[in-house]
Structures are given as C-alpha cells and as structure tokens.
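Working notes for the structure below.
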Amino acid sequence: MRFITESPRHDLTYSDVFLVPSRSSVASRFEVSLETDDGTGSTIPVVAANMTAVSGRRMAETMARRGGLAVLPQDIPLDAAA
C-alpha cells in the first residue's frame, strides 16, 4: 500500500482495520513470520512502541537502519535521546 505520488482509492476508518481477537493456528510465538509479500525483505515491525522499556536511542537507531520507526517516549531525557 503505497501513496507516494497518488491519492488512496478509498479511506479507511478504525472499524475497517479493527482486528477481532480469536484463536490462531500458530502453535508458538516463535513460529510467527513478519515477512511481507512486497519483495522488500523487511522482517521488522514498522513502528516500535513508545514505551520506556521498548524504545530508546539504541532501538531508534537500529529500527532506522533497518527501515523502521521508533517513537520515543516523552519521559526520556533529551541527552539520552540525542
């Protein structure tokens, strides 16, 4: 789903993308694959959570190198994030 030079054909709302909890056929969390079908080879999440225990400077740098994004929490000091 890319919208670099064109407008999207339709708009989506929260109810359009809401995931309903249900049982999964995946037996273990280790069997989950993040590979995409677009041929980019990316296997990381698009965005890392803005939680202090998850996103810090090191995570943001690593995600950026691999094409992802990390949202830094507001309680991280500026000298630790810069």
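Note that the sequence shown covers residues 1 to 82 in the UniProt record's numbering. C-beta: ideal position from N, C-alpha, C; glycine also.
Mark residue i as exposed unless 16 or more other C-beta atoms lie within 10 angstroms of its C-beta, in which case mark it buried.
{"i": "Ser33", "result": "exposed"}
{"i": "Met51", "result": "exposed"}
The alpha helix (DSSP H) that contains residue i, what's its start and end?
{"i": "Ser15", "result": "Tyr14 to Val17"}
{"i": "Glu6", "result": "Run containing Glu6: none; DSSP gives neither H nor E here."}
{"i": "Ala81", "result": "Leu78 to Ala81"}
{"i": "Ala53", "result": "Taken as a continuous stretch (DSSP letters only), Ala53 belongs to no alpha helix (DSSP H), as it is neither H nor E."}
From the DSSP output, read off the bridge partner residues of residue i.
{"i": "Ala48", "result": "Ala70"}
Among the options, whose alpha-carbon lies nearest the alpha-carbon of residue i?
{"i": "residue 84", "options": "Thr43, Val17, His10 and Gln74", "result": "Nothing about residue 84 can be read from this structure; the chain reaches only from 1 to 82."}
{"i": "Ala70", "options": "Thr43, Glu61, Ser42 and Pro77", "result": "Glu61"}
{"i": "Gly68", "options": "Gly41, Ala80 and Ala82", "result": "Gly41"}
{"i": "Ile44", "options": "Val26, Tyr14 and Arg66", "result": "Arg66"}
{"i": "Ala48", "options": "Glu6, Ala64 and Ile76", "result": "Ala64"}
With distances taken between CB atoms, is the gap from residue i to residue j smaller than 8 Å?
{"i": "Arg57", "j": "Ala27", "result": "no"}
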